[in-house]
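Below you'll find the structure, written out as structure tokens, and then a few comments.
Chains as they are written, first to last, in our numbering: chain A, 3 to 401; chain B, 8 to 30.
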């Protein structure tokens, strides 16, 4: 079964499955213990190292299991964990399990441009106003019409007493907002990178007094970024390309890492994201097999009632027109051949002397004949006329 | 009546050299 097409072959919206996009990805931690080595942590000894790679380890059970930051003895106390996802994903949730006393303030950010710029997705803090200048999140989600970065008052407590950062995009979106119909929500869930900033440790009191601080380090494991490889409804899976980059396996005449544009010949209508109602597949231009390239013309598209805007380029086989559907000057349609036949257009072959021009009727092939001349190519004198010696008036009335 | 095709050899190009088709 093809998830991107109906049984009859009609296109339908398709999306890749929900995955942990962070699994196996490199995590960049701004602080990791073990350099220089201490009794508890030594980055050069696998048995005592706590690298950031442990956060997204694929398979197996590692020992130790938790990443640990360096001891935080003075401000700033921020430690960030950054996960480049390798391509755009549509987020569903982000979670991180803390292995020791969790921080009291955590900021969650995302980038849509591979780490060049960042925007907040949410905050977790018992002091939302103090740490992030925000009010605690309302119980029933954001008040505004669109999703927004809310400050949640606390982390989740697990049955075993541990703490979990659990962020769901649903919690920061107003109820009823639909991904298919809301470009704002589509933008909100789109991310290429995730950053978790552990802002304030729980065990430290007044952070302005570095003398009073107790050495502390952050420790966490199982960083998960739940999401779908973003393909705009035009692919059911993502694959690694020859250079090891994750890309959508695009269908519906689309291409690009996210199926974000139409393939070169598929520009009969503008690119659109697929929805549950309509696949919005890119359509191939109609060129009767005589052109390999086409371009989109918005004016023609509007005039056609938003049906077709493709204009064929470089029509071959002596054809011409927007769809290579008629013959170019000096050629006429052979009625015995199909429009897509390579020899559908025949040369007019107008007689150099008997014809008054080189262009024949595109349908019948009839050349324009001089007075007294007849025949499809104007190569004979009409009855009652005879050939003269003048190439200007090749046929004269028979005396 | 089927008339013969125009015989190019019969035409006198003396005054119309510029119109003469290439052979």
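Think of the CB as a built atom: it goes at the ideal place given N, C-alpha and C, for glycine as much as any other residue. Because the structure is a prediction, the values reported are computed rather than measured.
In terms of residue numbering, what span does the beta strand (DSSP E) encompassing residue i cover?
i, result
"residue 124/A", "121-127"
"residue 92/A", "81-100"
"residue 388/A", "387-389"
"residue 25/A", "Note, residue 25/A: premise wrong, no beta strand (DSSP E); not H, not E."
"residue 347/A", "347-349"
"residue 169/A", "165-170"
"residue 113/A", "107-113"
"residue 9/B", "Where residue 9/B is concerned, there is no enclosing beta strand (DSSP E), given that its DSSP letter is neither H nor E."
"residue 399/A", "397-399"
If residue i sits next to residue j, beta carbons under 8 Å apart, how far is it from one beta carbon to the other, in whole angstroms?
i, j, result
"residue 86/A", "residue 27/A", "7 Å"
"residue 261/A", "residue 236/A", "4 Å"
"residue 374/A", "residue 355/A", "No, residue 374/A and residue 355/A are not in contact; Cβ-Cβ is about 12 Å, not under 8 Å."
"residue 363/A", "residue 291/A", "Their Cβ separation, rounded to whole angstroms, is 24 Å, which puts residue 363/A and residue 291/A out of contact at 8 Å."
"residue 229/A", "residue 91/A", "4 Å"
"residue 220/A", "residue 81/A", "5 Å"
"residue 24/A", "residue 226/A", "6 Å"
"residue 289/A", "residue 329/A", "That belief does not hold up - the Cβ atoms of residue 289/A and residue 329/A are roughly 14 Å apart, past 8 Å."
"residue 378/A", "residue 367/A", "6 Å"
"residue 119/A", "residue 156/A", "So it is not a contact: roughly 29 Å between Cβ atoms."
"residue 57/A", "residue 83/A", "7 Å"
"residue 434/A", "residue 287/A", "Lying outside 3 to 401, the shown extent of chain A, residue 434/A is not represented and no answer is given."
What residue range is occupied by the uninterrupted alpha helix (DSSP H) comprising residue i?
i, result
"residue 313/A", "Careful: residue 313/A lies outside any alpha helix (DSSP H), inside the beta strand (DSSP E) at 312-315."
"residue 133/A", "130-134"
"residue 189/A", "185-191"
Checklist entry - Is there contact between the segment 251-269 of chain A and the segment 118-129 of chain A, where contact requires at least three CB pairs shorter than 8 Å? => result no
Item to check | Secondary structure, beta strand (DSSP E): runs of 3+ residues fully inside the segment 139-163 of chain A | outcome: 152-154
Checklist entry - Should the segment 239-249 of chain A be regarded as contacting the segment 182-199 of chain A, the criterion being three or more beta carbon pairs within less than 8 Å? => result no
Item to check | Whole beta strand (DSSP E) elements within the segment 215-279 of chain A, 3-residue minimum | outcome: 221-231, 240-242, 248-250
Checklist entry - When the Cβ atoms of the segment 380-393 of chain A are set against those of the segment 15-28 of chain B, are three or more pairs found closer than 8 Å? => result yes
Checklist entry - Mind listing which residues of the segment 341-374 of chain A have their C-beta closer than 8 Å to chain B's C-betas, in chain order? => result 353, 354, 355, 356
Checklist entry - Touch check for the segment 216-233 of chain A and the segment 9-18 of chain A: three-plus C-beta pairs under 8 Å? => result yes
Checklist entry - Taking contact to mean at least 3 C-beta pairs separated by less than 8 Å, is the segment 70-77 of chain A in contact with the segment 33-52 of chain A? => result yes
Checklist entry - Three or more C-beta pairs closer than 8 Å, one from the segment 305-313 of chain A and one from the segment 343-354 of chain A: is that the case here? => result no
Item to check | Completely contained alpha helix (DSSP H) runs for the segment 277-337 of chain A, where each covers 4 or more residues | outcome: 300-305
Checklist entry - Would you say the segment 177-188 of chain A touches the segment 267-283 of chain A, given that touching needs at least three Cβ pairs under 8 Å? => result yes
Item to check | Three CB pairs or more closer than 8 Å across the segment 156-168 of chain A and the segment 96-116 of chain A | outcome: yes
Next on the checklist: I want to know whether the segment 111-118 of chain A touches the segment 169-177 of chain A - three or more CB-CB distances under 8 Å.
Outcome noted: no
Checklist entry - Where in the segment 37-78 of chain A do unbroken runs of the beta strand (DSSP E), each at least 3 residues long, occur, reported from the N-terminal end onward? => result none
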